[in-house]
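In the UniProt record's numbering, the protein residues as written are 1 to 277.
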């Protein structure tokens, strides 16, 4: 018999998910990890009762958080993903011919175990020879690897529990230190309609640390508000000043070069908020 998962996002907004089956459930040292069969969106990873990714639309988020920065950087040989334990971002990063190494640093081994078993569409990346799966605290890992990466992708969960520090200015400072002299990074920065103050705080922190700071968006059925934001900090390369992009030699379901350009076209209400900082 189906059950209803009530995912509360604010005092006035919740999302109800009809769950046909609980495929996996375990309490890790960090959080409650579950793999659910959702009636509408298929298999999903849930952390502490919050849906993180579904097989129905995971490609939207994973392609946009990955291909936008990797096409912004002219030679992204070495990539670090913080979080991303489902493997989707690593799967996409490994598609790029210029990418030689993808380090995926996920704090929770239970997430990796669950996704390997039940979400093969994404966790297939674990077996890619380019991908190195690291089970460590990403915050400490960043601090211990200065001047190492061309591109860093912060594929974090919402700013609660173990992910809180991944939205702090000190962490972005450490990210800057882990990047090479022309490196750049991207983080997911939540919903335009529900988390505007967080988006502003993230943008303010990043723009104070990097000469180039840009926000871009995509739409996604799984996430609250449906219009999702990403924030890029770059030491050198500005995606808005990219001329002709490198040819895309691999398949994607959502991303294309037209969307690369379109994703940086922001609605007026967001531009006004960012200008205020």
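Here a beta-carbon is modelled for each residue, glycine too, at the ideal position from N, C-alpha and C.
Notebook entry, point to check: In chain order, which alpha helix (DSSP H) runs of at least 4 residues are fully inside the region 121 to 148?
Noted result: 138 to 143
Note to self: Taking the beta carbon of residue 22 as the centre, do at least 16 other beta carbons fall within 10 Å, making it buried, or is it exposed?
What the structure shows: Counting every other CB atom within 10 Å of its CB across the protein chains shown gives residue 22 a total below 16, marking it as exposed.
Note to self: Looking at the secondary structure, which residues open and close the alpha helix (DSSP H) in which residue 268 lies?
What the structure shows: 268 to 276
Check: If you compare alpha carbons, which of 77, 72 and 107 is closest to residue 85?
Finding: The candidate whose alpha carbon is nearest that of residue 85 is 107.
Item checked: Given residue 273 as reference, the closest of 197, 232 and 257 once Cα atoms are compared -> Among 197, 232 and 257, the Cα nearest to that of residue 273 belongs to 197.
Check: DSSP three-state call for residue 174: helix, strand or coil?
Finding: helix
Notebook entry, point to check: Where does residue 219 land, buried or exposed, given buried means 16+ other C-beta within 10 angstroms?
Noted result: exposed
Note to self: Can you tell me whether residue 87 is buried or exposed? The criterion is at least 16 other CB atoms within 10 Å of its CB, across all chains shown.
What the structure shows: Buried.
Next item on the list: With DSSP collapsed to three states, give me the class of residue 306.
Entry: Within the shown structure, residues of the chain are numbered from 1 to 277, placing residue 306 beyond reach of any answer.
Next item on the list: Measure the Cβ-Cβ separation of residue 209 and residue 10 and say whether it is below 8 angstroms.
Entry: no
Check: Would a C-beta distance cut-off of 8 angstroms place residue 137 and residue 83 closer than the cut-off?
Finding: no
Notebook entry, point to check: By the 10 Å Cβ neighbour count, where 16 or more other Cβ atoms means buried, how is residue 29 classified, buried or exposed?
Noted result: exposed
Next item on the list: Starting from the Cα of residue 53, find the closest Cα among 172, 36, 168 and 135 and give me that residue.
Entry: For the options 172, 36, 168 and 135, the alpha carbon positioned closest to that of residue 53 is the one of 36.
Check: Taking just the CA atoms, how far does residue 251 sit from residue 25?
Finding: 33 angstroms
Margin query: So, at 6 angstroms on beta carbons, what are the nonlocal neighbours of residue 226 in its own chain, with the 5 sequence-adjacent residues on each side left out?
Written below: 219
Next item on the list: For the region 28 to 93, list the beta strand (DSSP E) runs that are entirely contained and at least 3 residues long, ordered along the chain.
Entry: Those beta strand (DSSP E) runs which fall completely within the region 28 to 93 and span 3+ residues are 32 to 38, 42 to 47, 50 to 54 and 78 to 83.
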